[in-house]
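Residue numbers (the numbering used here): 46 to 392. Take a look at the structure set out below.
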Ligand code: X2X
């Protein structure tokens with residue numbers, strides 16, 4: 046009897062020791078701080094995405110996982126199209142990144158940059174929240190980074206310092222800053238403009254000095270940066286593309302966490318993504334689009350295209366669409382086209 050009790054006691058001690066040592070080992074593998082890369086910081090929706098995610102993780106892991114934000118893609122000196130490679134290599138631990146910046150490494154992410162594929166917010170949702178979104182997450186995972194949730198940068202509207210853009214002819218010869226992702230050069234070339242690839246870090250001085258005439262980005266960036274003060278007097282709401290954001294973690298970092306902590310990080314990304322998408326759309330989805338009113342209040346001319354005017358841009362960029370359908374993958378694009386056509390809540 047006594048012997049049996051001792052054995053039981055020993056077993057209990059052994060179990061306790063094992064539990065303690067795996068816990069201690071797990072903790073020992075944890076970094077004091079994890080580095081999160083972002084292009085835009087707070088006060089933009091993109092920056093909020095990172096902040097909300099980091100705050101939720103810290104709170105829900107009782108500080109076991111501490112995340113520091115590096116906006117301006119400062120871990121890679123502002124070179125945003127290298128972000129995905131840096132994530133894979135472990136220079137960056139985690140990120141909330143735009144599909145545009147990762148497209149050079151993951152060509153299927155160019156899907157969201159295909160001109161006029163997504164006519165409204167319901168179309169973005171039909172892709173990211175449906176089968177296409179799941180397919181893309183498998184592709185990102187295969188490319189070596191763990192995807193957890195979707196967020197949103199937004200519909201990219203063209204702005205310039207010269208004149209209202211109502212037709213492709215208006216863009217003729219205009220020097221437009223684009224991200225260093227080839228589909229953008231193709232689109233602006235097809236429209237008769239003169240596209241110049243540069244990082245966002247270089248774009249801001251280029252706009253201020255007049256080295257470029259225009260740029261394209263979601264409108265919150267126009268208001269946050271007060272782009273009218275750097276000569277951007279004309280905005281056209283053509284809604285030609287929208288870039289979602291993806292919440293990701295480097296694979297080795299992911300595997301170093303306990304399954305329970307992984308689940309916390311994943312759920313926090315999903316929660317942060319939902320909150321951030323609402324922030325990114327605020328002022329653009331309400332009747333009268335208050336953000337456009339605000340921009341007009343800055344003395345800026347906002348051009349809203351008629352369906353016929355918009356059709357001229359669709360037509361001019363159609364060869365680019367057809368060319369990139371092959372690069373992105375005809376099956377994936379066809380699946381996306383069907384999902385968009387079948388979307389509920391069309392606007
Ligand atoms: O560089 C841009 O235009 C930006 C900030 O929108 C991206 O990082 C894709």
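Built from N, CA and C at the ideal position, the CB exists for glycine as well. Keep in mind the model is a prediction, meaning the values are calculated, not measured.
Two segments are said to touch when three or more pairs of C-beta atoms, one from each, lie closer than 8 angstroms; by this definition the stretch 140–148 touches the stretch 83–91. With fewer than 16 other Cβ atoms from the protein chains shown falling within 10 Å of its own Cβ, residue 386 counts as exposed. Taking C-beta separations shorter than 7 angstroms and ignoring five residues to either side along the sequence, the partners of residue 260 in its chain run 204, 221, 222, 248, 252, following chain order. DSSP places residue 173 within a helical segment (H, G or I) once states are collapsed to three. In terms of CA proximity to residue 156, 144 leads the group 306, 144, 111. Residue 125 sits buried, since 16 or more C-beta atoms from the chains shown fall within 10 Å of its C-beta. Partner residues in the beta bridge of residue 192, as assigned by DSSP, are 293. DSSP lists 239 as the beta-bridge partner residues of residue 220. Going by C-alpha positions, residue 364 is about 46 angstroms away from residue 301. In the structure shown, the three-state DSSP call for residue 303 is coil. Proximity to residue 349 across 246, 283, 171, 120 peaks at 283, based on C-alpha coordinates. Under the Cβ criterion (8 angstroms, minimum of three pairs), the stretch 158–175 does not count as touching the stretch 98–112. Counting C-beta pairs closer than 8 angstroms gives fewer than three between the stretch 148–164 and the stretch 307–323, which falls short of the contact rule.
A heavy atom of ligand 1 is found nearer than 6 angstroms to the CB of residue 84. The continuous alpha helix (DSSP H) containing residue 356 extends over residues 352–373. Look at residue 134 here: in three-state DSSP terms it is helix. With respect to residue 96, residue 206 sits apart: the two C-beta atoms are not nearer than 7 angstroms.
For residue 140, the enclosing beta strand (DSSP E) covers residues 139–143.
Residue 105 carries a helical assignment under DSSP once its states are collapsed to helix, strand and coil.
In the three-state reduction of the DSSP assignment, residue 321 falls in the helix class. Residue burial is scored here from C-beta neighbours: residue 226 has at least 16 other C-beta atoms within 10 angstroms and is therefore classed as buried.
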